[in-house]
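Chains as they are written, first to last, in full-length UniProt numbering: chain Y, 1 to 440; chain X, 1 to 453; chain P, 1 to 109.
Okay, so here's the structure we're looking at.
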Amino acid sequence: MKQYETVIGLEVHVELSTKSKMFCSCSADYFGKEPNTHTCPVCLGLPGALPYINKEAIESCIKIGHALNCNIKTQSVFERKNYFYPDLAKGYQISQYRWPLCVSGKIEVVSADGTKKDIRINRAHQEEDTGKLSHRGRETLIDFNRSGVPLVEIVTEPDFTDTVQIRDYAKKLQAIMRSIGVSNADMERGDMRLEANVSIRGIGQKELPNYRVELKNINSFRFMVAAVEYEIQRQSKLLSKGERLHQETRGWNEDKKITYLQRSKEEAHDYRYFPEPDLPPIFISPEEIEKLKGGITELPAATLERFKKDYQLGEYEAEILTRDKKLADYFEQVILASENTGIGAKKVANEIINKKPDIEKVLPADFVNQIHSSQQVFAIGKAELETIVKQVLEENSKAVEDYKKGKESVKMFLVGQVIRMVGKKIDTNKVKEAIKKSIK
Amino acid sequence: MSDITSLTLVETLSALNSKEFSKKELNDAYLKRIGQIDPLLNSYLYVNRDSDKIPAAIKDIITVSGMQMTCGSKILDGYITPYNATVIEKLMTKDISFIGKTNMDEFAMGSSGENSAYGATKNPWDITKVPGGSSSGSAAAVAADLCTFALGTDTGGSIRQPASLCGVVGLKPSYGRVSRYGAQAMGSSLDQIGPITKTVSDARLVLEWISDGDLFDSNAEKTIFTSKKRLSDLKGLKIGVVQLNENKSDAGLDLSVLKTMEDAYKKLSELGAEIKEIVMPSFKYSIETYYSIMLSEVSSNLARFDGVRFGKSRSEFGLESKRRIILGTFALSSGYFDDYFVKASHIRSKIKKDFVKAFVEEKCDVIVGPVSPTVAWTIGEKVDNPLAMYLSDVYTVPASLAGIPGLSVPCGFSDGLPVGLQILGKYMDEETILNVGEVYELATKWHKRKPDL
Amino acid sequence: MKINKKQETRNKRQEIDIDYVAKLANLDLSGEEKKVFGKQLPQILGYINQIKQVKTPSTGLPFSVATTQSVMREDKVGKSLSQKETLSNATSTKNGQFATKGIFENEDI
C-alpha cells in the first residue's frame, strides 16, 4: 500500500475573543450561559434586522493574516452563503467568498521525518458562527447565544502529507492565536475547529485527485489525527482494490475507531453566493494594514527557539515564557534591565515563572531590584548570631527536645525563628550550623 | 368635529398648538372615522385604540414593539415584534403615536394590494378598484382621512404608485436617507421607508423626522434631512421629461393619463420652469434589471422564515411570494448568477449614469413623468397575469435602481380616478423635488378634492 | 432533469427545473402550484433574459447605490433581548431553547 501519497488540506475555524458579536452588540461570551440570553433581533434573524460590522473582529482577522504571512487586501466584501439549517437564523451566513480579507500566506511545519515543510495558506476570511444544536430524543433544541459570534476561517492548500505536520500546524496556530490575543483557540471549548480534506494519489502524480473526503464534526485533536490516519488506510485499501473513490463527508466513531459516512447537512451545495447588500465594502489603507502588523513581529515558535538559543533556557521555561507575547516581551525587558547586576537570564526566567509578577504593574527595573534584594544576604557577626541562637533555643525548649529526638522539620522551624529575630535576610546555612553547634 | 380628520398634518400640529382641540379629541375623531369607514376599505390590519398622541398609520412591514407585524402574510399571523424600527423610535420623540398597522401586498410583493393574505384593500375613490401597492393600506388610509399621515416602503414604486392611484402624496427618499432597520427587507439594495401624506409640506416634515442613519443600517448616511429653501414659483428651474420609448407600448400608457401628464407639464411651464425633453437609453431594460436584482435579494431575505424562531411553516407563503422566491433562487443559482444578477448590476450602473448625465450635463434640476401607465384598475382584472403586473412598474423602477429620490403628487383625474405626477431628483436632493411638488400643489390644489365616502 | 442553460432568448422562454429550485428554496410546492409555475415562470424568465443583449464588463467590485463604506462599530457590549422575549414567538420551546423536529446528523449509514 505504499504506492500512494496523501494529499490533505485543512480548514480551521477560529472563534474570536471579541467582547461583542460580529454584526451586533450582543455579548460574544456565550460559553456556559443560560440559553438564548445573548440574543437580539440581528443575531436571531428577526424580520427587519440588519448587520453592522464589529471593527475589532476585522482587525483580529487582519492580525491573523499577518501572522500567517498573508497578503492583506485593501478592498474586501462580505457575501451571503445561502442554505437552510435550524441553527442558521437568517437562512444565510454572512461570510466572504470572492473578496476575502487575507490571501496567499504560508507557515512552516515539521514533517514525520523531521524535515521542515511550507504549508501554503489559501485564505483567511471573516464570517459569523451559527447557533448551537443539541439533540434530545426525537427533538432538536437550538440555542442562539453563539449565533453571530465572529469566526475566522483559515484554509490551506492541500499541502499536508502526514499527521505530524497536521499536529504541528494545529499547535502553531493555537500558539499564534494566543500570542496575538485574538482567541483562546481551545478545541475542547470549540474556539478552534478543524476539518480535514483527505485524498490519495499515486506517488509522483502531479495532478490533484478528482475527489476528496471531508472529515467533519470531530471535536478533539486526538480524534482528528486518528480519523485522518484511518482514512488514509481506508482509501489506500479501496484504491488498491481498484475501486473508485467519491466526494463525501465522513465523521469519526471513537468507539469503533472508524470513519463513517455522514448524512450531509445540505445535499444541494449550491450556496448561491452574492455580495451582501446590507454591508458596504471595506476599504483599508496600506498604512492601516501596516499598523496592525505592529503587534506581530515574531511568531511564538520563533521566539521559543530564540530564547533557548540566546539565553540557554530549557524547553520548559522557554515554552512558558513564549505562551503570551506580553510575557515574552516582559522577560526580555527584565533581561535588559538586569545588565551588569550579575543576575543571569536563567535566574530571571525562574523568578518570573515562580514569582508570577503582575507584568502590567511591576516595571522591569523594579522587578530586577526585587530579585536583587531577595538575593542580598546580610553578613551577621558570629558572636551576634550565637547570642540570638541561644535565645531562640531557650524560648523554644520543646522544639529543641524534638530536634534532639531527630525531627528534621523542627530544624527549619528553629532556623526561621532565628532569622525572624535577626530581622534581616541572612545565610540560612550559617544559621543551621550555629544551631547544630549550640544544641550539641 | 368631523373636520378634524380632514386636516393635514401641519394643520393638525398648528391646531393642537393653539388648543383648538385636544389630542384625545384628535384620536377619538380618527378612531370613530376608522370605525365607520374602514370596514368598506380594509386599509387597517390592526387598530390601536390606545393611540393618544398624533396618530400615524404604519405599514405592517415596519416593527412597532409590542404590536403585530404580519407583512400582509399568514406566515406571521400572531407574530408580535419585540423591538422598534429606528423610524418608529424617531417618531416617538416627535409626539407621534401609532393608530394602526396598515394592509399591504404580502411581503411587499405586488402593485395592487390584492396579494394580501388578509383581503385586498379598496380604493377610496371607487371601492371596486385597487388602491395600488404594495403600501395599499397606507395610501388608502391617508386618502380616506383615517390618519394624519402614514409610513410606507418603496422598493420599485410601492409608495409612489399607490399614492398616485389614491390621489395623495408619496415620497421615496434617496437610498440611504432613512434607516431601514426594522422594515422586513424585500430588495435590500432598493428598499426605502418613506411618508405617504395629504400634502407635500406634510411629507417634507415627516422626512425631517425620520431621516438620519443609526448604528444598525450600514447603508444609511448619518445626516438629518433639513429643508432650508422654499420656492414661490419655478422660475430658473429646468425640468426634464423622458422621451417615451416606443418599446414601452407593452406597458400600455393610457392615452387619458398621457393627456393629464401633458397638462401637468404645461402647468409647470406656466409656473416658470423650462421643460426639456431628455433621452434615457438604459431605461429600456429597467424592468428586467430591477426584477433580476429584486427577485434575487428577496429570495434570500425570506429565507429566515423557517418556522423555528417565529412564524408558521413556509407552505403558508402566498402564491406571489412563492413565485418570486422560486424565480429569485433560480436567478442566483449556479450557472445563472452571472446572466441575471451580475448582468443586472452592471446595467444598474448604466441607469445611474444616465440620470447623472441628465442632472449634470443636461443640467436638469428634476425629471418628471407618469407614475403609473394607467389609473386604478378593477379588482381581479390583472391577477392572472403576473408579467403584465410587473411591466406596469416601468416608470417607478428606474429611480429605485439609481437610488435617487422620487415624489408622487396628485396632478389630476381621469375617469374620476386620480393620476399622479412623478418628480425625480438628484441623489440626496429631496429638497428640490419637494419644492417643485409644493409649488405645483399650491397652484393646482388637487389635494383639496377628497373621495366621497 | 438536466437543464441546458443556453436555451432560447429567441423563444422568450427560459426552462427551469422547478423541483430542483423548490428544494434549494426549501419550499414544498403543491402539484397545482408546480403546474401554474411551469407555465408562468419560463415566460417571466424569458422576458428578463433580454438583458443578455446588453454589453457589460466582467470585473470589478459589486455595484452599489449606497455611498457609505468601511462602516464599523466599536467592540462594545450592548443590550440583548431577555430569554422570554427571544422565545416569545416560537411555536415550540424546551428548557429555554427553540425546539424543532429532530435532525439526525450522525447516523451510521
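In this text, a Cβ means the ideal position worked out from N, Cα and C, and glycines have one as well.
Among the CB atoms of chain Y, none fall inside 8 Å of the CB of A56 (chain X).
Boundaries of the beta strand (DSSP E) harbouring P370 (chain X): 366-370, taken from the DSSP string. With 16 or more neighbouring CB atoms inside 10 Å of its own CB, T322 (chain Y) falls in the buried class. By the Cβ test, the stretch 259-278 of chain X is in contact with the stretch 360-367 of chain X, since at least three Cβ pairs between them sit closer than 8 Å. Contact between T153 (chain X) and A183 (chain X) is confirmed by a C-beta separation of about 5 Å, below the 8 Å threshold.
Around N219 (chain X), the beta-carbon contacts reaching into chain Y at under 9 Å are L50, P277, D278, L279, P280. Short of 7 Å from the beta carbon of V182 (chain Y), and not among the five residues preceding or following it, lie these beta carbons of its own chain, in chain order: L16, S17, S60, K63, I64. Chain-order list of chain P residues neighbouring L387 (chain X): Q40, Q43, I44, Y47, by C-beta distance under 9 Å. With a minimum length of 4 residues, the unbroken runs of alpha helix (DSSP H) contained wholly in the stretch 168-215 of chain X fall at 200-210.
Within chain P, the residues Q97, F98, A99, T100 have their CB atoms less than 9 Å from the CB of I142 (chain Y), given in chain order.
Fewer than three beta-carbon pairs drawn from the stretch 100-113 of chain X and the stretch 82-91 of chain X are found closer than 8 Å, and the two stretches are therefore not classed as touching. Put simply, the backbone Cα of M412 (chain Y) is about 45 Å away from that of E188 (chain Y). Look at I433 (chain X) here: in three-state DSSP terms it is helix. Put simply, the CB of D270 (chain Y) is near chain P, with a gap under 8 Å to one of its CB atoms. Within chain Y, no C-beta atom comes nearer than 7 Å to that of T223 (chain X); the closest sits roughly 16 Å away.
In this structure, DSSP gives S158 (chain X) a state outside helix and strand, which the three-state scheme calls coil.
Straight across, the Cα-Cα distance linking V242 (chain X) with G96 (chain P) is about 59 Å. Rounded to the nearest whole angstrom, the C-alpha separation of I75 (chain X) and N26 (chain P) is 15 Å. Counting along the chain, the unbroken beta strand (DSSP E) around C102 (chain Y) starts and ends at 102-110.
Distances from the CA of L9 (chain X) to each of X:D202, X:Y427, X:A163, X:L327 were compared; the closest alpha carbon is that of X:D202.
In the DSSP assignment, K59 (chain X) falls outside any alpha helix (DSSP H) and within the unbroken beta strand (DSSP E) covering 54-59.
If the five residues before and after G240 (chain X) are omitted, its C-beta is found closer than 6 Å to the C-beta atoms of K276, I278, A358, C364, I367, all from its own chain and listed in chain order. The shortest C-alpha to C-alpha distance from K229 (chain X) to any of X:N435, X:T5, X:L16, X:L7 is the one to X:N435.
E74 (chain P) has a beta carbon lying within less than 8 Å of a beta carbon in chain Y.
Within chain X, the residues R309 have their CB atoms less than 7 Å from the CB of L44 (chain Y), given in chain order. Put simply, the CB of R306 (chain Y) is far from chain P, with every gap to its CB atoms at 8 Å or more. For chain Y, none of the residues of the stretch 252-271 of chain X brings a beta carbon within less than 8 Å of one of its beta carbons. Taking a Cβ-Cβ threshold of 9 Å, the residues of chain P close to Y79 (chain X) are N89, in chain order.
For the set X:G156, X:A141, X:M69, the Cα lying nearest the Cα of S111 (chain X) is the one of X:G156.
For the set Y:N253, Y:G32, Y:C102, the Cα lying nearest the Cα of F144 (chain Y) is the one of Y:G32. Taking a Cβ-Cβ threshold of 8 Å, none of the residues of chain Y is close to K35 (chain P); the smallest such distance is about 23 Å. For the 8 Å CB-CB criterion, I435 (chain Y) and V415 (chain Y) form a contact.
Chain Y has a Cβ within less than 8 Å of the Cβ of L24 (chain P). Of the residues X:K352, X:L253, X:S232, X:E262, the one whose Cα lies closest to the Cα of D393 (chain X) is X:L253. Remark: C-beta atoms of T91 (chain P) and N219 (chain X) do not approach each other more closely than 8 Å. Fully enclosed alpha helix (DSSP H) runs of no fewer than 4 residues occupy 31-48, 83-87 of the stretch 27-95 of chain P, in order along the chain.
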